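Participant: Could you have a look at this structure, given as structure tokens, before my questions?
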Amino acid sequence: MSTRSWGVELWDQVDNLLQFENDQLAVHDHHYRLLVEIQKLISEFGKKYRKTVSSFVPKKRLNTTMEHKLTYNNVLIDSLASFIEMGMAFEGYGNELQHSVITPLKAEYDREKKIAEKVTIDYGKYNSTREREKRKLEDTWRAHVNALKEKQKAEAQNTLAQNDPNISAEERQKAQAFLSAKQQAFVETQQSYASEMSSFNENQRFHFTHNVNVLIADLEMIDRQRARITQNLLTKCSDLGDVLAKKLSDSAIALRKTVSRIDPEEDCKTVLEARKTEYLFPVDLPFLNLAQCTQATLENQSALVKLMLGSSNGYSVKSTEKASKGLHNLFGKSKSQTSDGNVLQTPFIAGIGYKPVKESDMTVIQLNDRIIALKKNLDKVQKTLSATQDSDSDVDDPVAPTHKGDYVGEATLKYDCEGNDDGCISGKAGEVFYVLEEDNDGSGWTAVVSADGLRQGFLPTSHMDITLY
């Protein structure tokens, strides 16, 4: 398609073109101010975003070895880097927007405005010059017309004088001389008019073919260049947006990878290894029959300790020898014991029954108490198991699995389990079991039967994915 020229086709539209360019400059300025506000907003947001995240960065690193090992703590600290990078991405976008788009756009606006103002001034000058030439030609024309009228008047007078016999020869000569003068004046004004007209036509042709054409070409040039430069700069805005989106996406991906490092199982193991001690919770407080204790035993803490731990018989008259060094190391002196030597101030003599103890330092009596407690819990589980087995005793074929209607749900084992003689059956990860009874009492065990009906017993509730009917 051939390029059309404003200067050729719009030679008579300079005023409208100037108004059009001023309107376009207003649109340009409006969009420029919009980008300025956007740049300020993004830069301030990015800066505040980054500073806000930075203010939450711990001033001190993790102190203990355990804290250094915890994935949760490390991930929360490391994740701050991704948030800071997001803030920096917004800051970088704002700075690049200012440098690559706004500054060039402002420079283009100033250049276009300067050209438009120059065109306006030059157009005014050209019009003023043309107006002066027009008035000058009009003055010459009027002088020429007046000369014509004067000549015509002189011709009429001369004809009258030549034809009137009453007029003297001298008067006839004067009339003829006057006519000649008027004819000469007419010829001179005619020549002046012709010269002025030729100059006016030449200047007017130059005005439209050159001056106006150049002005319109300047307006057309800034209009084309404005469109091209604005298109390039706004495309740059789009490119900067893509870069910002890429940085934010990379930060989000990095954050996701960082967060994936959180390992609750590993953290629990770390806490367990860091905090586990060799101590068990306090032993049961043994009964001390004061009525049967000798006076020597009642007055000696070591003897009372040995009596309570079952390592001596303090109820008979014996030498109150000191307890073994291991017992003293185990319990030491009770904090509640008064400084006046009254060992009967508290029932927790030497801390027995209140202070934690090492498993290796426990006496036979204390271990026996623990064993008795465990046996009670085991008896409870066995009774529950027996009750469950009795409820299934009406099944004709114990090998065949019970009908689905007799179950409360299905369970899939998540981990391998080893069976034992206390009612716990074995199973492999992924194996399916039928649930006989829910773990309603929160014991941590669920009654199940294998899919083939050959194994029936209990499995840990936490080791299964259970779906109830």
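Taking UniProt numbering, the leading residue of the sequence shown gets 1, the next gets one more, and so forth. All C-beta atoms in this analysis are idealised placements derived from N, C-alpha and C, irrespective of residue type, glycine included. Note that the structure is a prediction, hence the values are computed from the model and not measured.
The beta strand (DSSP E) spanning GLN162 covers which residue range?
Facilitator: By one-based count along the sequence shown, residue 162 stands at place 162. Taken as a continuous stretch (DSSP letters only), GLN162 belongs to no beta strand (DSSP E), being part of the alpha helix (DSSP H) at 103-163.
Participant: Based on the DSSP output, what are the partners of residue 548 in its beta bridges?
Facilitator: The question about residue 548 has no answer, for the chain in this structure spans 1 to 469.
Participant: From this set, ARG132, ASP110, ALA227 and ASP263, which residue's C-alpha is nearest ASN73's C-alpha?
Facilitator: The residue labelled residue 73 in the question sits at position 73 within the sequence shown. Per the Cα distances, ASP263.
Participant: Can you tell me the Cα-Cα spacing of VAL243 and GLY444, whole angstroms?
Facilitator: Sequence index remark: in the sequence shown, residue 243 carries index 243 (1-based). Sequence index remark: in the sequence shown, residue 444 carries index 444 (1-based). In a straight line, the C-alpha of VAL243 is about 54 angstroms away from that of GLY444.
Participant: Going by beta carbon distance, what residues of the same chain come within less than 7 angstroms of LEU378, once the five residues before and after it are set aside?
Facilitator: Sequence index remark: in the sequence shown, residue 378 carries index 378 (1-based). If we look at LEU378 and ignore the five residues flanking it on each side, its Cβ neighbours are ASP422.
Participant: Are ALA89 and SER251 close, meaning C-beta to C-beta below 9 angstroms?
Facilitator: Your numbering for residue 89 matches position 89 in the sequence shown. Your numbering for residue 251 matches position 251 in the sequence shown. Going by C-beta atoms, ALA89 is nearer than 9 angstroms to SER251.
Participant: Looking at ARG142 and ASN203, is the spacing between their C-beta atoms short of 9 angstroms?
Facilitator: Taking the sequence shown and counting its residues from 1, one reaches residue 203 at position 203. Taking the sequence shown and counting its residues from 1, one reaches residue 142 at position 142. For ASN203 and ARG142, no; Cβs fall outside 9 angstroms.
Participant: Let me know if VAL259 comes out buried or exposed under the rule of 16 or more other beta-carbons within 10 Å of its beta-carbon.
Facilitator: Within the sequence shown, the letter at position 259 stands for residue 259. It is exposed - the Cβ of VAL259 has fewer than 16 other Cβ atoms within 10 Å.
Participant: Thinking C-alpha only, which one of HIS207, GLN301 and ASN163 is nearest ASP12?
Facilitator: The sequence position of residue 12 within the sequence shown is 12, counting from 1. Out of HIS207, GLN301 and ASN163, HIS207 has the C-alpha closest to the C-alpha of ASP12.
Participant: Residues in the same chain with beta-carbon distance under 6 angstroms from residue 471, minus the five sequence neighbours each way, listed in chain order, please.
Facilitator: Any answer about residue 471 is impossible in this case: the structure gives the chain only from 1 up to 469.
Participant: Would you tell me roughly how many angstroms separate the C-alpha atoms of THR461 and TYR93, rounded to the nearest one?
Facilitator: Here the question's residue 461 lines up with position 461 in the sequence shown. Here the question's residue 93 lines up with position 93 in the sequence shown. Their backbone Cα atoms lie some 54 angstroms apart in a straight line.
Participant: State the Cα-Cα distance for the pair GLY87 and ASN232, rounded to the nearest angstrom.
Facilitator: The residue labelled residue 87 in the question sits at position 87 within the sequence shown. The residue labelled residue 232 in the question sits at position 232 within the sequence shown. Their backbone Cα atoms lie some 27 angstroms apart in a straight line.
Participant: Three-state secondary structure (DSSP) at VAL283?
Facilitator: Translated into the one-based positions of the sequence shown, residue 283 becomes position 283. VAL283 falls in the coil class under three-state DSSP.
Participant: Would you kindly report the start and end of the unbroken beta strand (DSSP E) that includes PRO58?
Facilitator: For the purposes of this step, residue 58 is taken as the residue at position 58 of the sequence shown. Element bounds for PRO58: n/a, residue is neither H nor E.
Participant: Roughly how many angstroms lie between the CA atoms of GLN176 and LEU18, to the nearest whole one?
Facilitator: In the sequence shown, residue 176 corresponds to position 176, counting from 1. In the sequence shown, residue 18 corresponds to position 18, counting from 1. In a straight line, the C-alpha of GLN176 is about 60 angstroms away from that of LEU18.
Participant: With 16 other CB atoms within 10 Å as the buried threshold, where does TYR279 fall?
Facilitator: The residue given as residue 279 occupies position 279 in the sequence shown. Classification of TYR279: exposed, given that the 10 Å Cβ count is below 16.
Participant: Determine the direct distance from the alpha carbon of SER43 to that of GLU37, and round the result to whole angstroms.
Facilitator: Translated into positions along the sequence shown, residue 37 becomes position 37. Translated into positions along the sequence shown, residue 43 becomes position 43. The alpha-carbon atoms of GLU37 and SER43 are separated by roughly 10 angstroms.
Participant: Three or more C-beta pairs under 8 angstroms: does that hold for the region 92-112 against the region 264-273?
Facilitator: Cβ pair count under 8 angstroms is below three, so no.
Participant: Under a Cβ-count criterion, where at least 16 other Cβ atoms within 10 Å of its own Cβ denotes burial, should LEU459 be classed as buried or exposed?
Facilitator: Position 459 of the sequence shown, counted from the first residue, corresponds to residue 459. Label assigned to LEU459: buried.
Participant: Just grab the DSSP bridge partners of VAL357 for me.
Facilitator: By one-based count along the sequence shown, residue 357 stands at place 357. Paired residues: LEU280.
Participant: Nearest CA to the CA of GLU431: which residue from THR467, GLN382 and ALA451?
Facilitator: Your numbering for residue 431 matches position 431 in the sequence shown. When only C-alpha atoms are compared, the closest one is ALA451.
Participant: Just verifying my parser: in three-state terms, what is the DSSP assignment at ALA429?
Facilitator: Along the sequence shown, read from residue 1 onward, the residue named residue 429 stands at position 429. Coil.
Participant: Go through its chain and collect everything with a Cβ distance to ILE229's Cβ below 6 angstroms, but skip five positions before and after it.
Facilitator: Within the sequence shown, the letter at position 229 stands for residue 229. For ILE229, where only same-chain residues beyond five positions count, the Cβ hits under 6 angstroms are GLU108.
Participant: Give the C-beta separation of LEU25 and LYS113 to the nearest angstrom, bearing in mind that I take them to be a contact with Cβ-Cβ under 8 angstroms.
Facilitator: As a working note, residue 25 is residue 25 in the sequence shown. As a working note, residue 113 is residue 113 in the sequence shown. 6 angstroms between Cβ atoms; contact.
Participant: Here's a check: name, in chain order, each residue in its chain whose Cβ is nearer than 7 angstroms to the Cβ of THR388, leaving out the five neighbours to either side.
Facilitator: As a working mapping, residue 388 is identified with position 388 in the sequence shown. LEU436, GLU437 and ALA447, listed in sequence order.
Participant: Hey, LEU240 and LEU97 are a contact pair by Cβ (cut 8 angstroms); roughly how many whole angstroms apart?
Facilitator: On the sequence shown, residue 240 is found 240 positions in, with the first residue counted as 1. On the sequence shown, residue 97 is found 97 positions in, with the first residue counted as 1. With 8 angstroms as the limit, LEU240 and LEU97 qualify as a contact, their Cβ atoms being about 6 angstroms apart.
Participant: Quick check on the DSSP output: what are the complete alpha helix (DSSP H) runs of length 4 or more inside the region 189-260, in order along the chain?
Facilitator: Runs found: 212-259.
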